[in-house]
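Down below is the structure, laid out as structure tokens.
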Amino acid sequence: MAILERISRNIDNRYWNPGAEYFPVKNRYTAGVAGQRFFEELKENGKFFGSRCEACSVTYVPARIYCERCFNRLEEKDWLDVGTEGMLFSFTVVHKNKSGEPRETPSIIAAVKIADSLLFHRLGECKEEDLQIGMQVKAKLKPKAERKGGIEDIRFFKPL
Ligand SMILES: [Zn+2]
312 MAILERISRN
322 IDNRYWNPGA
332 EYFPVKNRYT
342 AGVAGQRFFE
352 ELKENGKFFG
362 SRCEACSVTY
372 VPARIYCERC
382 FNRLEEKDWL
392 DVGTEGMLFS
402 FTVVHKNKSG
412 EPRETPSIIA
422 AVKIADSLLF
432 HRLGECKEED
442 LQIGMQVKAK
452 LKPKAERKGG
462 IEDIRFFKPL
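Heads up: the sequence shown begins at 312 in our numbering, then just goes up one per residue.
Here it is in structure tokens:
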């Protein structure tokens, strides 16, 4: 079940048949109100949405429903399209897989600063030696037909 799919009948959440072989958990994680909008915009329109707290002059990406600094509620009017470009804040090159075996192709993982937040994702279509902290990078998205409303809808970020 994709992150944007929902249980449509409340009763599906309320009962567990003790004779069933497994507990009927359909979602392991909820994106929340703001996260759902973020992923819907990403899936449907290929846009990144953030939310801005005017009191703190901070823009959060993905969008949030409250400010982490002053706890102000962030309303619909505070949400904005922040574009799909950001600044390479930091990166690391991963040479081993989860079990410790060498990877055939090293993967580059980056912290990309968009507005006042960091998104962590892969870098692609680049080599480590071409990267510089502070350079601009842009998200490369999956084609719309392949997007499912999750972070993997972003294939990777690549230098501009
Ligand atoms: Zn604030």
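In this text, a Cβ means the ideal position worked out from N, Cα and C, and glycines have one as well.
What are the start and end residues of each continuous beta strand (DSSP E) run of 3 or more residues lying completely inside the segment 381-446, in chain order? 390-392, 396-407, 413-425, 428-434
When the Cα atoms are used, what is the spatial distance from methionine 446 to alanine 422? Numbered from 1 along the sequence shown, position 135 holds the residue referred to as residue 446. Numbered from 1 along the sequence shown, position 111 holds the residue referred to as residue 422. In a straight line, the C-alpha of methionine 446 is about 12 Å away from that of alanine 422.
Pop quiz: leucine 452 and glycine 394 are said to be a contact at Cβ under 8 Å. What is the actual Cβ separation, rounded to whole angstroms? The residue you call residue 452 lines up with position 141 of the sequence shown. The residue you call residue 394 lines up with position 83 of the sequence shown. Their Cβ separation, rounded to whole angstroms, is 12 Å, which puts leucine 452 and glycine 394 out of contact at 8 Å.
Go to glycine 361, then tell me how far its beta strand (DSSP E) extends in each direction, as first and last residue. Along the sequence shown, read from residue 1 onward, the residue named residue 361 stands at position 50. Note, glycine 361: beta strand (DSSP E), 360-364.
For ligand 1, I want to know if arginine 380 counts as a neighbour, meaning its beta carbon is within less than 7 Å of at least one of the ligand's heavy atoms. Working through the sequence shown from its first residue, we reach residue 380 at position 69. Result yes, Cβ under 7 Å from ligand 1.
Beta carbon of asparagine 383: closer than 7 Å to some heavy atom of ligand 1? Working through the sequence shown from its first residue, we reach residue 383 at position 72. Yes; taking the cut-off as 7 Å, the Cβ of asparagine 383 has a heavy atom of ligand 1 nearer than that.
Reference alanine 366, options Asp389, Lys354, Gly346, Ala345, closest by Cα: Within the sequence shown, residue 366 is the residue found at index 55, counting from 1. Closest option to alanine 366, Cα to Cα, is Asp389.
Indicate whether the contact test is met: 3 or more Cβ pairs, each with one atom in the segment 419-434 and one in the segment 368-385, closer than 8 Å. yes
Here's a check: name, in chain order, each residue in its chain whose Cβ is nearer than 8 Å to the Cβ of cysteine 437, leaving out the five neighbours to either side. Mapped onto the sequence shown, residue 437 falls at position 126. Only Ile419, Lys469, Pro470 meet the Cβ criterion.
Suppose you measure from the CA of leucine 342 to the CA of phenylalanine 359; what does that come to, to the nearest Å? To locate residue 342, count along the sequence shown from 1; it is residue 31. To locate residue 359, count along the sequence shown from 1; it is residue 48. The residue asked about is misnamed: residue 342 is alanine in this sequence, not leucine. Looking at the two C-alpha atoms, the distance is approximately 15 Å.
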